[in-house]
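A.B. asks: Pasting a structure below so you can have a look.
Numbering (my numbering), first residue to last: 43 to 331.
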C-alpha cells in the first residue's frame with residue numbers, strides 16, 4: 043500500500059511536477075491532483091503522467107489530501123493559502139517549494155491562523171532554467187538537498203511526514219530556521235542570479251550587443267547560465283527576500299570596490315591575493331583539493 047493516498051499539487055511544473063513524478067515512480071502515492079493557472083497546462087501535465095487528474099475546486103480536494111504542495115512562484119502563494127485554508131482536513135499537511143521562507147511563513151500564518159502547525163515549509167535545492175510540466179523529471183531531486191524550515195507549531199509527526207516524502211524523492215534532508223535560510227540563500231543563490239541577469243542585460247541593451255554575444259564563449263556561458271531562468275519567478279524571489287539580498291548586494295559592491303582600487307592602482311599583489319583565496323575556496327567546495 044502506498045504511503046500517501048492523495049497528494050494535491052499547486053503548480054505542476056519543474057518543482058511540483060518532479061515531486062509528483064518522483065513519488066509516483068517510488069510507488070509512494072495513490073493519486074496526484076493538480077491545480078494550475080491554465081487548463082492547457084494541466085492537460086499537458088495529465089498527458090505526461092505528472093498528475094492523474096486536474097482539480098477544479100479546492101473545496102472538493104483538500105480535506106482528504108495527505109499532502110498539499112504549493113510549488114508556484116512565491117508571490118502567488120498567499121492567495122493559494124487563503125483559498126485552501128477553510129478546507130484543511132485533520133491529517134492534511136501543507137508544504138511549499140518556495141526559494142524564500144520568511145515571506146511564505148508570514149503568509150501561511152495569516153491564512154492558516156490556529157492551524158499553522160499543519161504547514162511545514164520546505165525548499166528543494168534543485169532548480170533548472172526550464173519550466174512547465176515538460177520540464178518535470180522523476181529524478182530531479184535524487185541526491186539533491188531539500189531544506190526543511192520547521193515552525194515551533196509543527197509536531198514531530200507532521201515534520202517527519204514531509205521529510206519522508208522528500209526522502210522518497212531521493213533527496214537529502216537538511217534543517218534551517220526560516221531566518222537563517224533566507225540569509226544563506228540570499229548569498230549563494232539569489233545574489234548570483236541577480237548578478238547573472240545584470241551582466242546579460244548590460245550587454246543586451248548596448249547598440250553593438252550582437253558583436254559581444256558573437257564572441258562570448260564558455261566562461262560567459264557558465265557564468266550566465268542562470269540568466270535563462272524564469273523572470274517572473276526570480277522577480278518574486280528577489281522582492282520577497284530583498285532585505286537579506288540588499289545586504290549581500292552591499293557586501294558584493296564593497297568587494298567590487300576593493301577590486302577596482304587594486305586594478306586602478308596596478309596592485310597585482312592584491313588582485314592575486316583575492317583570486318587565490320577565491321580559487322582555494324571554490325576548489326574546496328567542489329571537492330577538487
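Backbone N, C-alpha and C fix where the C-beta goes; we use that ideal spot for every residue, glycine too.
With contact counted as at least three CB pairs below 8 Å, one residue from each stretch, are the segment 261-270 and the segment 312-331 in contact?
C.D. replies: Segments in contact, no.
A.B. asks: If you draw a straight line from the C-alpha of residue 332 to the C-alpha of residue 308, how long is it?
C.D. replies: Any property of residue 332 remains undetermined from this structure, which presents the chain solely from 43 to 331.
A.B. asks: Taking the alpha-carbon positions, what's the residue 288 to residue 46 distance?
C.D. replies: In a straight line, the C-alpha of residue 288 is about 41 Å away from that of residue 46.
A.B. asks: So, under 8 Å CB-CB, residue 79 and residue 100 are touching, yes? Tell me the CB distance rounded to an integer number of Å.
C.D. replies: Their Cβ separation, rounded to whole angstroms, is 14 Å, which puts residue 79 and residue 100 out of contact at 8 Å.
A.B. asks: When the Cα of residue 183 is compared with those of 303, 166, 193, which residue comes out closest?
C.D. replies: Nearest C-alpha to residue 183: 166.
A.B. asks: What residues are listed by DSSP as bridge partners for residue 167?
C.D. replies: DSSP lists 187 as partners of residue 167.
A.B. asks: Find the nearest neighbour of residue 1 within the set 128, 197, 294, 136, judged by alpha-carbon distance.
C.D. replies: Past the boundaries of the shown model lies residue 1; the chain is included only from 43 to 331, so the question cannot be answered.
A.B. asks: Around the C-beta of residue 155, are 16 or more other C-beta atoms found within 10 angstroms, so that it is buried, or is it exposed?
C.D. replies: Its Cβ having fewer than 16 others within 10 Å, residue 155 is exposed.
A.B. asks: Relative to the alpha-carbon of residue 9, which residue among 162, 93, 103 has its alpha-carbon at the smallest distance?
C.D. replies: The structure shown does not extend to residue 9, since the chain spans only 43 to 331, so no value can be given for it.
A.B. asks: Is residue 122 closer than 8 Å to residue 52 when the C-beta atoms are compared?
C.D. replies: Cβ distance < 8 Å, so residue 52 and residue 122 count as in contact.
A.B. asks: Out of 118, 151, 131, state which residue places its alpha-carbon closest to the alpha-carbon of residue 109.
C.D. replies: The shortest C-alpha separation from residue 109 is found at 131.
A.B. asks: Name the residue from 189, 44, 77, 298 whose alpha carbon lies nearest to the alpha carbon of residue 70.
C.D. replies: Minimum Cα distance to residue 70 is reached at 44.
A.B. asks: What residues in its chain sit with their C-beta under 8 Å from that of residue 332, if we drop five residues either side in the sequence?
C.D. replies: Because the chain in this structure spans residues 43 to 331, residue 332 falls outside the shown range and cannot be described.
A.B. asks: Just to confirm the assignment: which complete beta strand (DSSP E) runs, minimum length 3, are found wholly within the segment 195-270?
C.D. replies: List check, beta strand (DSSP E) in window: 214-217.
A.B. asks: Have a look at residue 192 and residue 87 and give me their C-alpha separation to the nearest angstrom.
C.D. replies: Roughly 30 Å between the two C-alpha positions.
A.B. asks: Does the Cβ of residue 352 have 16 or more other Cβ atoms within 10 Å, making it buried, or fewer, making it exposed?
C.D. replies: Given a span of 43 to 331 for the chain in the structure shown, any question on residue 352 remains unanswerable.
A.B. asks: Could you check where the beta strand (DSSP E) with residue 92 kicks off and where it finishes?
C.D. replies: Where residue 92 is concerned, there is no enclosing beta strand (DSSP E), given that its DSSP letter is neither H nor E.
A.B. asks: With DSSP as the reference, label residue 101 as helix, strand or coil.
C.D. replies: Three-state result, residue 101: helix.
A.B. asks: With burial defined as no fewer than 16 other Cβ atoms inside 10 Å of the residue's Cβ, what is the status of residue 93: buried or exposed?
C.D. replies: Flag for residue 93 reads buried.
A.B. asks: Using alpha carbons as the reference points, say which of 134, 213, 139, 74 lies closest to residue 112.
C.D. replies: Comparing Cα positions, the closest option is 139.
A.B. asks: Here's a check: name, in chain order, each residue in its chain whose Cβ is nearer than 7 Å to the Cβ of residue 232, leaving out the five neighbours to either side.
C.D. replies: The residues are 279, 280, 283, 287.
A.B. asks: Under 8 Å, do residue 65 and residue 210 count as touching if we go by C-beta distance?
C.D. replies: Cβ atoms of residue 65 and residue 210: closer than 8 Å.
A.B. asks: Just the C-alpha distance for residue 98 and residue 151, rounded to the nearest angstrom, thanks.
C.D. replies: Approximately 25 Å, taken between the alpha carbons.
A.B. asks: Short check: CB of residue 115 to CB of residue 285, under 8 Å?
C.D. replies: Contact flag unset, no.
A.B. asks: Out of 119, 128, 224, which has the shortest C-alpha to C-alpha gap to residue 102?
C.D. replies: Among 119, 128, 224, the Cα nearest to that of residue 102 is on 128.
A.B. asks: Using a Cβ-Cβ cutoff of less than 6 Å, which residues in the same chain neighbour residue 50 once the five nearest sequence positions on both sides are dropped?
C.D. replies: Around residue 50: 75, 103, 107, 110.
A.B. asks: Across which residues does DSSP place residue 73 in a beta bridge pair?
C.D. replies: According to DSSP, which records beta bridges pairwise, residue 73 is partnered with 48.
A.B. asks: Within the continuous alpha helix (DSSP H) that includes residue 316, where are the two ends?
C.D. replies: Taken as a continuous stretch (DSSP letters only), the alpha helix (DSSP H) holding residue 316 covers 310-327.
A.B. asks: Please go through the same chain and pick out, in chain order, the residues whose beta-carbon is closer than 6 Å to the beta-carbon of residue 185, but skip the five residues on each side of it.
C.D. replies: No residues qualify anywhere along the chain.
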